[in-house]
Amino acid sequence: MSYRKTLKLICGFAGGSAAVVFAAAAADSRGYFGEHRGEGASRWSRFAVLHAAQPARTPVNHTPAATGPGWDFNWDKRDPSVLSNGRKRESVTEDPSSEQDNSKPKATRHILLIRHSQYNLSGNGDTERVLTPLGREQAELTGQRLAALGLKYDVLIHSSMTRATETAHIISKYIPGVDLVSCDLLREGAPVEPVPPVTHWKPDAVQYHEDGARIEAAFRRYIHRADPKQKEDSYEIIVCHANVIRYFVCRALQFPPEGWLRMGLNNGSITWLTIRPSGRVALRTLGDAGFMPPDKLTRT
1 MSYRKTLKLI CGFAGGSAAV VFAAAAADSR GYFGEHRGEG ASRWSRFAVL
51 HAAQPARTPV NHTPAATGPG WDFNWDKRDP SVLSNGRKRE SVTEDPSSEQ
101 DNSKPKATRH ILLIRHSQYN LSGNGDTERV LTPLGREQAE LTGQRLAALG
151 LKYDVLIHSS MTRATETAHI ISKYIPGVDL VSCDLLREGA PVEPVPPVTH
201 WKPDAVQYHE DGARIEAAFR RYIHRADPKQ KEDSYEIIVC HANVIRYFVC
251 RALQFPPEGW LRMGLNNGSI TWLTIRPSGR VALRTLGDAG FMPPDKLTRT
């Protein structure tokens, strides 16, 4: 084999293999691999060297390796396989497989988290921090959007703070027949010290300690898979505050909760969480405000 042909063959290989192939071909042409055994024998020895120089072929694995902790299916402490472990059966004739099947959730929960509308920032205390005229318009638009979705809403829960209460009452006009429930746990606060820190907002450590426990309690009350007794999928609306919603999203998706301040939410926006019976959680929308005209968008 001439050097020109050898060079062309080398070009079909990459990286270190090319260097090995070139050296092997040159050495073989000079008889360094043994005595001369004729053209045919020499050609076959070169092919053997070329074959050995090629990188081994390995099956391609398209499944990405996990780079962090795996998904905790018992994040809400309601995994039926865990709940049934160690539970004493009432009778020896009871079928254990039937018992476990009856304890499995079968419905999906849809939780629509609404941030309150724009409010009067200069108000003295919560009672004076009422919605602005634009804020009332935003609440009207959010109510219209929720009605247009055509969903059967089960309940409308709202923070007991004035701006959230007013937003919820305006929304309720567009979804008649849905019960309104007020909850102090959903009040605005500082859930956990954010990472990275910010310079314009630095609550005292005691505020994180107190607010964080309350907001975590709200998460545990409202964000979980369906009860086994629930037969149909549910759609629940929660009107509350940006910090609460962002913290809920991080916790539900098992992201570091310290990252909650990296997200921004417009007033009146819709964040949609879906919780499957298996414990899987999906974020369908985050801060959706595309149903509002651009001149109605605010983030205060």
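Residue numbers (UniProt numbering): 1 to 300.
For each residue, glycine too, the CB sits at the ideal point set by N, CA and C.
| said: With a threshold of 8 Å on Cβ separation, who are the neighbours of Val-192 within its own chain once the five nearest residues in sequence on each side are excluded? | reply: Tyr-208, Gly-212, Tyr-247, Pro-257, Glu-258, Trp-260, listed in sequence order.
| message | With distance defined between alpha-carbon atoms, name the residue in Gly-290, Gln-118, Lys-106, Ser-278 nearest to Cys-240. | response | Closest option to Cys-240, Cα to Cα, is Gln-118.
| said: Just list the residues that DSSP pairs Glu-236 with in beta bridges. | reply: By DSSP's assignment, Glu-236 forms a beta bridge with Ile-111, Val-155.
| Taking C-alpha atoms, which residue in Ser-172, Pro-69, Asp-79, Thr-67 lies nearest to Gly-279? | Selected option, being the one with the closest Cα: Asp-79.
| request: Would you check if the distance between the CB atom of Glu-236 and the CB atom of Arg-145 is smaller than 8 Å? | output: Not closer than 8 Å, so no.
| By the 10 Å Cβ neighbour count, where 16 or more other Cβ atoms means buried, how is Ala-190 classified, buried or exposed? | Buried, since its Cβ has 16 or more Cβ neighbours within 10 Å.
| CB contact flag (Leu-156, Trp-272, <8 Å) | No.
| task | Please name the residue, chosen from Ala-168, Ser-269, Arg-284, that lies closest to Gly-290 on a Cα-to-Cα basis. | result | Of the listed residues, the one whose Cα sits closest to Gly-290 is Ser-269.
| message | On a Cα-Cα basis, can you pick out the residue from Arg-214, Ser-172, Val-181 that is closest to Arg-187? | response | Shortest Cα-Cα distance from Arg-187 to any of Arg-214, Ser-172, Val-181 involves Arg-214.
| task | State the DSSP-derived secondary structure class of Gly-135, mapped to helix, strand or coil. | result | Of the three classes helix, strand and coil, the one that applies to Gly-135 here is helix, per DSSP.
| request: Indicate the three-state DSSP secondary structure (helix, strand or coil) for Pro-195 in the structure shown. | output: Looking at the sequence itself, residue 195 is Val, so the reference to Pro does not match. Correct three-state label for Val-195: coil.
| For the 8 Å Cβ check, are there 3 or more pairs between the stretch 161 to 168 and the stretch 119 to 127? | Taking 8 Å as the limit for Cβ pairs, the verdict is that the stretch 119 to 127 does touch the stretch 161 to 168.
| request: Tell me whether Trp-201 sits in a helix, a strand or coil according to DSSP, three-state version. | output: Coil, per DSSP.
| Smallest Cα separation from Ala-107: which of Ala-226, Ile-114, Asp-154, Leu-297? | Residue Ala-226 is the option with its Cα nearest to Ala-107.
| Just how far apart, CA to CA, sit Gly-70 and Val-195? | Rounded to the nearest angstrom, the two C-alpha atoms are 22 Å apart.
| task | Put Ala-252 into one of helix, strand or coil per three-state DSSP. | result | In the structure shown, Ala-252 adopts helical secondary structure according to DSSP, grouped into three states.
| field | Simplified DSSP state of Val-178, which is helix, strand or coil | value | Coil, per DSSP.
| query | Counting along the chain, where does the alpha helix (DSSP H) carrying Thr-167 start and finish? | reply | Its alpha helix (DSSP H) spans residues 162 to 172.
| task | Could you pull out every residue in the same chain whose Cβ sits closer than 8 Å to the Cβ of Gly-143, ignoring the five residues on either side in sequence? | result | Ile-170, Ile-171, Ser-172, Lys-173, Tyr-174, Ile-175.
| query | So what does Ile-275 bridge to, in DSSP terms? | reply | Beta-bridge pairing links Ile-275 to Arg-109, Val-281.
| field | Beta-carbon contacts of Thr-298 that lie in its chain and below 6 Å, excluding the five residues immediately before and after | value | Taken in chain order, the residues that qualify are Gln-118, Asn-267.
| Residue closest to Met-292, alpha-carbon to alpha-carbon, out of Asp-76, Asn-102, Ser-103, Arg-136 | When each option's Cα is compared against that of Met-292, the closest is Arg-136.
| said: Rounded to the nearest angstrom, what separates Lys-77 and His-224 at their Cα positions? | reply: Spanning the two alpha carbons is a distance of roughly 9 Å.
| Taking buried to mean at least 16 other C-beta atoms within 10 Å of its own C-beta, is Ala-218 buried or exposed? | It counts as buried.
| task | Kindly identify the DSSP beta-bridge partner or partners of Ile-270. | result | Bridge pairing for Ile-270: Ile-114, Asp-288 [DSSP].
| task | Kindly identify the DSSP beta-bridge partner or partners of Tyr-119. | result | According to DSSP, Tyr-119 bridges with Leu-131.
| task | If I'm right that Lys-152 touches Pro-277 with Cβ under 8 Å, what's the distance once you round it to whole angstroms? | result | With a beta-carbon spacing of about 19 Å, Lys-152 and Pro-277 fall beyond the 8 Å limit used to define contacts.
| field | Local conformation of Glu-35 per DSSP, three classes | value | Low confidence applies here, because Glu-35 scores a pLDDT of 48, under 50, leaving its location unreliable; read the following figure in that light. Of the three classes helix, strand and coil, the one that applies to Glu-35 here is coil, per DSSP.
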